[in-house]
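Q:
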Amino acid sequence: MEWTRLERLRDLFLRGDKSQDYWRDDGDLAAYDEVFARRIGWKWDSVLRELVSRGYSPGPRHLIDWGCGSGAASRSWLENFAAEGWGAEFWDRSPLARSFASRSARSIEPTLAVSDCVRDPLFGENSKAPESVVLLSHVVNEIPPPELARLLLALGRAAEIIWVEPGSKEESRRLGEIRGKLLATHKVLGPCLHEERCPLLKDGREDDWCHSFSDPPTEAFTTGFWAEASRRLGFDVRSLPFCYIAMRRRDLADAAAREPTVTSGRAGRVLGTPRLSKGFARVQICFEDGKVEDLRLQKRSDKALFKAVEKGLEESPYLALVTEGDEVLSGRRLMDKDEAST
Ligand SMILES: C[S@@+](CC[C@H](N)C(=O)[O-])C[C@H]1O[C@@H](n2cnc3c(N)ncnc32)[C@H](O)[C@@H]1O
Numbered sequence: 021m022e023w024t025r026l027e028r029l030r031d032l033f034l035r036g037d038k039s040q041d042y043w044r045d046d047g048d049l050a051a052y053d054e055v056f057a058r059r060i061g062w063k064w065d066s067v068l069r070e071l072v073s074r075g076y077s078p079g080p081r082h083l084i085d086w087g088c089g090s091g092a093a094s095r096s097w098l099e100n101f102a103a104e105g106w107g108a109e110f111w112d113r114s115p116l117a118r119s120f121a122s123r124s125a126r127s128i129e130p131t132l133a134v135s136d137c138v139r140d141p142l143f144g145e146n147s148k149a150p151e152s153v154v155l156l157s158h159v160v161n162e163i164p165p166p167e168l169a170r171l172l173l174a175l176g177r178a179a180e181i182i183w184v185e186p187g188s189k190e191e192s193r194r195l196g197e198i199r200g201k202l203l204a205t206h207k208v209l210g211p212c213l214h215e216e217r218c219p220l221l222k223d224g225r226e227d228d229w230c231h232s233f234s235d236p237p238t239e240a241f242t243t244g245f246w247a248e249a250s251r252r253l254g255f256d257v258r259s260l261p262f263c264y265i266a267m268r269r270r271d272l273a274d275a276a277a278r279e280p281t282v283t284s285g286r287a288g289r290v291l292g293t294p295r296l297s298k299g300f301a302r303v304q305i306c307f308e309d310g311k312v313e314d315l316r317l318q319k320r321s322d323k324a325l326f327k328a329v330e331k332g333l334e335e336s337p338y339l340a341l342v343t344e345g346d347e348v349l350s351g352r353r354l355m356d357k358d359e360a361s362t
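FYI, the numbering for the sequence shown is 21 to 362, going by the numbering used here.
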């Protein structure tokens with residue numbers, strides 16, 4: 021592993037000037053692909069699993085990976101959905117990245133019809149954006165505001181948009197603002213259960229942000245490679261925070277993800293990680309009516325629910341809760357693996 025390449029990239033991502041193309045050669049992309057992109061791929065796997073648990077299946081048969089880098093997002097996509105014979109376009113300001121991502125996607129799905137892009141495929145009369153699922157990943161803090169505004173206009177035409185960012189406050193709140201703008205043209209597929217403006221962007225919530233944690237695969241805990249990567253590059257291999265938005269254009273939204281069936285209580289999604297204390301947990305829930313509440317769940321109120329929260333709600337962060345004031349009286353999990361398969 022070429023650690024010096026990765027150290028350069030880490031420094032650049034943390035505090036460097038990202039306004040110029042920083043991929044120097046295929047070696048940079050290959051090193052990134054072995055470490056940073058793998059972790060990003062695990063986040064994408066979580067997002068796509070969550071969307072599937074909400075009944076999502078892709079509408080379009082054409083993929084655009086925008087700001088593709090080495091292609092982590094589209095690779096996760098191709099591993100999670102059958103995309104035989106699909107069309108695909110990989111866009112990045114770096115021609116090296118476009119070519120790397122195209123090759124790596126084809127190695128997973130050889131029938132993928134990849135069009136070479138010399139221009140941004142989201143723009144122009146012949147853009148396939150209206151028939152595409154557009155993937156964006158870990159780009160929001162690299163796009164200057166005027167360019168972002170143009171990008172959002174172009175995304176307004178996209179059939180579907182799935183956008184994943186790190187789960188840090190700055191990126192998440194920025195993605196929340198983007199979601200707010202795209203609501204004019206698109207319906208929400210996830211993570212929210214509502215179409216309101218993100219409640220965490222309201223006054224008084226400046227310290228909060230929508231994020232989740234992905235479970236890294238066993239290899240992240242058991243191999244020397246990941247121990248060395250985390251030591252050299254300074255990340256916690258066990259912690260994979262992310263945030264995302266998934267949206268479908270309103271005129272196509274009939275086939276949108278199913279809403280949870282809740283017969284008692286209110287449906288909501290757990291934000292961040294529950295804070296556990298002896299005998300109780302504090303949870304922050306974003307409810308289906310677009311309100312965020314900070315609640316306390318006592319073990320003695322609902323042992324089964326407490327246990328699920330204590331275990332980290334691995335499969336699905338969606339719950340139906342009966343509350344009184346800021347206390348959870350009872351609840352159950354929604355849209356977990358078992359329920360999704362029935
Ligand atoms: C941190 S990397 C993420 C790559 C990939 N999406 C991933 O998740 O691994 C950001 C990528 O965005 C690209 N990028 C930055 N600004 C861009 C722009 N204005 N237009 C197109 N690509 C851009 C960079 O070249 C880089 O490949």
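In this text, a Cβ means the ideal position worked out from N, Cα and C, and glycines have one as well.
Excluding the 5 residues preceding and the 5 following L296 in the sequence, name in chain order all residues of the same chain whose CB lies nearer than 7 Å to its CB.
A: Locating residue 296 in the sequence shown gives position 276, counting from the first residue. Hits under 7 Å: E330.
Q: If you measure between the beta carbons of L291 and C306, is that distance less than 7 Å?
A: For the purposes of this step, residue 291 is taken as the residue at position 271 of the sequence shown. For the purposes of this step, residue 306 is taken as the residue at position 286 of the sequence shown. Closer than 7 Å, so yes.
Q: So, under 8 Å CB-CB, W43 and A108 are touching, yes? Tell me the CB distance rounded to an integer number of Å.
A: Stepping through the sequence shown from its first residue, residue 43 is reached at position 23. Stepping through the sequence shown from its first residue, residue 108 is reached at position 88. Contact flag wrong, Cβ pair sits at about 20 Å.
Q: Count the other C-beta atoms from every protein chain shown that fall within 10 angstroms of the C-beta of Q368, then say buried if there are 16 or more, exposed otherwise.
A: Because residue 368 is not part of the residues shown, which for the chain are 21 to 362, the question remains open.
Q: When every heavy atom of ligand 1 is checked, does at least one fall within less than 6 Å of the C-beta of E162?
A: Walking along the sequence shown from the start, residue 162 turns up at place 142. It does: the Cβ of E162 is within 6 Å (strictly closer) of some heavy atom of ligand 1.
Q: Is any heavy atom of ligand 1 found at a distance shorter than 6 Å from the C-beta of D48?
A: Counting from one through the sequence shown, the residue named residue 48 turns up at place 28. Every heavy atom of ligand 1 is 6 Å or more from the Cβ of D48, so no.
Q: Report whether the distance from the Cβ of I60 to the nearest heavy atom of ligand 1 is below 6 Å.
A: Residue mapping note: residue 60 aligns to position 40 of the sequence shown, counting from 1. Checking every heavy atom of ligand 1 against the Cβ of I60, one is found closer than 6 Å.
Q: Is P186 helix, strand or coil when you go by DSSP?
A: Taking the first residue of the sequence shown as 1, we reach residue 186 at position 166. P186 falls in the strand class under three-state DSSP.
Q: Which of the three DSSP states, helix, strand or coil, is assigned to L354?
A: Here the question's residue 354 lines up with position 334 in the sequence shown. Three-state result, L354: coil.
Q: Measure how close the beta-carbons of T343 and L315 come, nearest whole angstrom, since I'm counting them as under 8 Å.
A: Numbered from its first residue, the sequence shown carries residue 343 at position 323. Numbered from its first residue, the sequence shown carries residue 315 at position 295. 6 Å between Cβ atoms; contact.
Q: In chain order, what are the residue ranges of uninterrupted alpha helix (DSSP H) at least 4 long that sit wholly in the segment 176-220?
A: 189-202
Q: Please give me, in chain order, every unbroken run of the alpha helix (DSSP H) with length at least 4 that falls completely inside the segment 46-125.
A: Counting whole runs of 4 or more residues, the segment 46-125 contains the alpha helix (DSSP H) stretches 46-54, 56-73, 92-100.
Q: For S373, count neighbouring Cβ atoms within 10 angstroms of its own Cβ and tell me buried if that reaches 16, exposed if not.
A: As displayed, the chain neither begins before 21 nor continues past 362, which places residue 373 out of reach and without an answer.
Q: Verify whether the separation of the beta carbon atoms of E104 and H214 is less than 7 Å.
A: Within the sequence shown, residue 104 is the residue found at index 84, counting from 1. Within the sequence shown, residue 214 is the residue found at index 194, counting from 1. Cβ distance not < 7 Å, so E104 and H214 don't count as in contact.
Q: Any heavy atom of ligand 1 inside 6 Å of the beta-carbon of V67?
A: Taking the first residue of the sequence shown as position 1, residue 67 is located at position 47. No, Cβ of V67 sits at least 6 Å from all heavy atoms of ligand 1.
Q: For V55, which residues from the same chain have a beta carbon less than 8 Å from its beta carbon, with the 5 sequence-adjacent residues on both sides left out?
A: What you label residue 55 is simply residue 35 of the sequence shown in a count that begins at 1. The residues are M21, L26, A249, L253.
Q: If we count the other Cβ atoms within 10 Å of its Cβ and call it buried at 16 or more, is E239 buried or exposed?
A: As a working note, residue 239 is residue 219 in the sequence shown. The residue is exposed, with fewer than 16 neighbouring Cβ atoms inside 10 Å.
Q: Verify the contact flag: S157, CB atom, against every heavy atom of ligand 1, threshold strictly below 6 Å.
A: The residue given as residue 157 occupies position 137 in the sequence shown. Under cutoff, so the answer is yes.
Q: Is S127 near ligand 1, with its Cβ less than 6 Å from a heavy atom?
A: Stepping through the sequence shown from its first residue, residue 127 is reached at position 107. Result no, Cβ not under 6 Å from ligand 1.
Q: Can D37 be considered in contact with ligand 1, in the sense that its beta carbon sits closer than 6 Å to one or more heavy atoms?
A: Mapped onto the sequence shown, residue 37 falls at position 17. For D37, the distance from the CB to the nearest heavy atom of ligand 1 is not below 6 Å.
Q: Secondary structure at G36, three-state DSSP: helix, strand or coil?
A: To locate residue 36, count along the sequence shown from 1; it is residue 16. Correct three-state label for G36: coil.
Q: What separation, rounded to the nearest whole angstrom, lies between the Cα atoms of P150 and L83?
A: Numbered from 1 along the sequence shown, position 130 holds the residue referred to as residue 150. Numbered from 1 along the sequence shown, position 63 holds the residue referred to as residue 83. Between the alpha carbons of P150 and L83 lies a gap of roughly 11 Å.
Q: Restricting to runs no shorter than 4 residues, where is the alpha helix (DSSP H) found entirely within the segment 266-340?
A: 323-330
Q: Tell me whether A133 is buried or exposed, calling it buried when 16 or more other Cβ atoms sit within 10 Å of its Cβ.
A: As a working note, residue 133 is residue 113 in the sequence shown. Classification of A133: exposed, given that the 10 Å Cβ count is below 16.
Q: Between W106 and C137, is the Cβ-Cβ spacing less than 7 Å?
A: Here residue 106 is taken as the residue at index 86 of the sequence shown, counted from 1. Here residue 137 is taken as the residue at index 117 of the sequence shown, counted from 1. Cβ atoms of W106 and C137: not closer than 7 Å.
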